[in-house]
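Notes for the one structure printed next.
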Amino acid sequence: SLSHGEVHVATQVVGFKKIKFYTSENVGAGDLSLPENEMQTTAYWLTIPSDIFHSLPFSTEQKINGLFGVAYLLHHVSPLFMMCDLHDVGVSIGDNTTGKSIPPRNIPSKIAQGEEQPDFTDIAFEPNIFIFDNFPGGIGLSPSLFELEKELLKHCQKTIAACPCKEGCPSCVGPTKESGKQAKQAALEILISLI
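In this text, residue positions in the sequence shown follow our numbering: the first is -18, and each later residue adds one.
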């Protein structure tokens, strides 16, 4: 199901990495404990019904990889429909039943506020993918996605199908190291089941 409305977005810097200019050599990293940045904004969200999610012919890890792949693709394709910059919108994944957010893949779970991950095997787990305006109060970008949802999902499906990579790349569901194994195949199945 699809919706749009007001959301509360909280972001937090949890660490840093020191990189040398020119060589891109990693010279150190560390954890940080900074307060959250919060804003009220508007969002479009896509709920993947639990029966569809759990019936996909993949392992739980592969389904989650596909979920992150769909989120990556929606985040990168939606600016084409809204005629805005990629950084004008943000993306987040959450569990519809518990209301908890799923931390991005590049944040170790031990750092992600010490919160437990949702139980992805729970039959009630129902993922949401949020595309939100990256401005306090919203600037009217996300409601247009709600109106164009069929075209958006079809374009995402065509993008994955047309991409010549095998496992995922920045042109479709994101780099394999970020999206995980079989993210491309699982993301395609998720999109097919939603259209």
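Every residue gets a Cβ at the ideal spot worked out from N, C-alpha and C, and that includes glycine.
Helix, strand or coil at Tyr53 according to DSSP, with G and I counted as helix: Tyr53 sits in a helix when the DSSP states are folded into three classes.
Buried or exposed by the 16-neighbour rule on C-beta atoms within 10 Å, applied to Ala177: The structure shown does not extend to residue 177, since the chain spans only -18 to 176, so no value can be given for it.
Option in Thr41, Lys(-1), Asn109 with minimal Cα separation from Leu27: Asn109
For Ala105, the three-state DSSP class (helix, strand or coil): coil
Check whether Gly9 and Gly(-4) have beta carbons under 8 Å apart: no
Status (buried if at least 16 other CB within 10 Å, exposed otherwise) for Val(-6): exposed
Selected residue, minimal CA-CA separation from Glu(-13), among His136, Val154, Gly121, Leu54: Gly121
Buried versus exposed call for Ile83 [16 or more other C-beta atoms within 10 Å across all chains shown]: buried
Own chain partners of Tyr25 with C-beta closer than 6 Å, once the 5 adjacent residues on each side are dropped: Closer than 6 Å at Cβ, skipping near neighbours: His(-15), Ile112, Ser123, Leu126, Phe127.
Cβ-based burial, Ile171 [other Cβ within 10 Å; buried from 16]: Classification of Ile171: buried, given that the 10 Å Cβ count is 16 or more.
CA-to-CA distance, Lys81 to Leu54, given in whole angstroms: 22 Å
Sequence-distant residues of its chain with Cβ nearer than 8 Å to Ile176 (five each side left out): Lys131, Leu134, Lys135, Gln138
Entirely enclosed alpha helix (DSSP H) segments - the region 147 to 173, minimum 4 residues: Secondary structure in the region 147 to 173: the alpha helix (DSSP H) runs of 4 residues or longer, each lying completely within the stretch, are 157 to 160 in chain order.
Element boundaries [beta strand (DSSP E), containing Ile0]: Start and end: -4 to 0.
Inter-stretch contact at 8 Å, needing at least 3 Cβ pairs: the region 29 to 37 / the region 143 to 157: No, the region 29 to 37 does not touch the region 143 to 157.
Asn7, buried or exposed, once every other Cβ within 10 Å from all chains shown has been counted against 16: exposed
His117 versus Val70 - alpha carbon distance: The question names His, yet the displayed sequence has Pro at residue 117. Roughly 11 Å separates the two Cα atoms.
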